[in-house]
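Undergrad: In this text, residue positions in the sequence shown follow the working numbering: the first is 106, and each later residue adds one. For each residue, glycine too, the CB sits at the ideal point set by N, CA and C. The model shown is predicted, which means the values in this text are computed figures rather than measured ones. Below is one structure. I have some questions about it.
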Amino acid sequence: MSRTKIVLAGEGGQGVQSIAKILVEAGYEAGRQVLYIPNFGVEQRGGVSIAFCQIADTTIGEPRFAKGDIIIMLSDRAIDRCSTYVDENSVVVYDTSVCTKKPDVKCREIIGVDANKIANEQLSARVFNIIILGVLLEATHVLELSDIKNAMEKALGKKFDAKPELRDLNHKALEMGMRLVKDRAVV
Numbered sequence: 106m107s108r109t110k111i112v113l114a115g116e117g118g119q120g121v122q123s124i125a126k127i128l129v130e131a132g133y134e135a136g137r138q139v140l141y142i143p144n145f146g147v148e149q150r151g152g153v154s155i156a157f158c159q160i161a162d163t164t165i166g167e168p169r170f171a172k173g174d175i176i177i178m179l180s181d182r183a184i185d186r187c188s189t190y191v192d193e194n195s196v197v198v199y200d201t202s203v204c205t206k207k208p209d210v211k212c213r214e215i216i217g218v219d220a221n222k223i224a225n226e227q228l229s230a231r232v233f234n235i236i237i238l239g240v241l242l243e244a245t246h247v248l249e250l251s252d253i254k255n256a257m258e259k260a261l262g263k264k265f266d267a268k269p270e271l272r273d274l275n276h277k278a279l280e281m282g283m284r285l286v287k288d289r290a291v292v
């Protein structure tokens with residue numbers, strides 16, 4: 106796999122940009138070429154937030170792309186805004202516990218996960234985005250779990266040191282997200 110193009114989209118406050126930052130930091134630390142383009146403006150608080158990421162083995166010559174390899178849609182408005190990035194080779198992931206509709210797209214695979222429900226009922230609403238990061242990691246295999254955990258340490262290490270239980274909670278969320286893809290039923 107030489108280049109993976111990722112679109113992450115959700116409502117402001119769902120942690121889309123945080124996922125993207127951890128993802129590209131992990132790629133960078135693993136010696137890969139990475140690119141991250143955040144897309145938000147006045148929507149930052151309560152509107153659709155989109156992150157475009159690329160992780161590659163070679164130089165990324167073009168920062169923009171028309172179609173993604175994996176598109177993560179975390180709200181109905183994200184589905185509406187990001188369906189244009191989907192083609193027949195894309196994998197689409199959406200949160201069945203947040204979205205009221207299934208993406209109506211022609212793609213290789215649609216994966217429905219109930220990450221928000223799991224976060225709220227089993228862990229904490231604060232780790233919803235880390236569950237999604239686990240989903241992304243397992244669906245793409247673009248990076249190793251250890252790469253992601255190291256990047257999480259870099260991004261959240263001070264919080265983890267102050268409250269060690271947060272480290273365990275985030276690692277559990279990451280692994281739960283991965284398990285959602287491993288144990289999924291394709292919808």
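(1) Just list the beta strand (DSSP E) runs in the region 117-182, keeping only unbroken ones of 3 residues or longer that don't cross its boundaries, in chain order.
(2) Looking only at C-alpha atoms, which of G120, Q119, T205, E167 sits nearest to L140?
(3) Can you name the start and end residues of the beta strand (DSSP E) that V191 belongs to?
(4) Thinking just about the alpha-carbon of each residue, which of G115, D162, P143, D219 is nearest to the one in T109?
(5) Is the beta carbon of D174 sitting closer than 8 Å to the one on V196?
(6) Please classify A230 as buried or exposed, where buried requires at least 16 neighbouring CB atoms within 10 angstroms.
(7) Quick one: what's L113 bridged to in DSSP?
(8) Give a yes or no on contact between the region 176-187 and the region 230-245, applying the rule of three or more CB pairs nearer than 8 Å.
(9) Could you pull the DSSP bridge partners for G217 from this structure?
(10) Which same chain residues end up closer than 8 Å to E148 when comparing Cβ atoms and leaving out the 5 residues on each side of it in sequence?
(11) Thinking C-beta only, is K206 closer than 8 Å to I237?
(12) Within this structure, are the beta carbons of A307 and A256 separated by less than 8 Å?
(13) Closer than 8 Å by C-beta to S123: which residues in its own chain qualify, once you throw out the five before and the five after it? Chain order, please.
TA: Looking at the coordinates:
(1) Inside the region 117-182, DSSP marks whole beta strand (DSSP E) runs of 3 or more residues at positions 138-144, 153-161, 175-178, from first to last along the chain.
(2) Of the candidates G120, Q119, T205, E167, the one whose C-alpha sits nearest the C-alpha of L140 is E167.
(3) Unbroken run through V191: none, as it is neither H nor E.
(4) Residue D162 holds the alpha-carbon nearest to the alpha-carbon of T109 among G115, D162, P143, D219.
(5) A contact, by the Cβ cut-off of 8 Å.
(6) Looking at its Cβ environment, which holds fewer than 16 other Cβ atoms inside 10 Å, A230 is exposed.
(7) Under DSSP, L113 takes part in a beta bridge, and its partners are A156, I177.
(8) By the Cβ rule, the region 176-187 counts as touching the region 230-245, because three or more pairs are nearer than 8 Å.
(9) Among the bridge pairs identified by DSSP, G217 is matched with Y199.
(10) Bear in mind that a pLDDT of 47 at E148, under 50, signals an unreliable position, so the model cannot answer this.
(11) With respect to K206, I237 sits apart: the two C-beta atoms are not nearer than 8 Å.
(12) A query on residue 307 cannot be resolved here, the shown segment of the chain reaching from 106 to 292 and no further.
(13) Hits under 8 Å: N234, A260.
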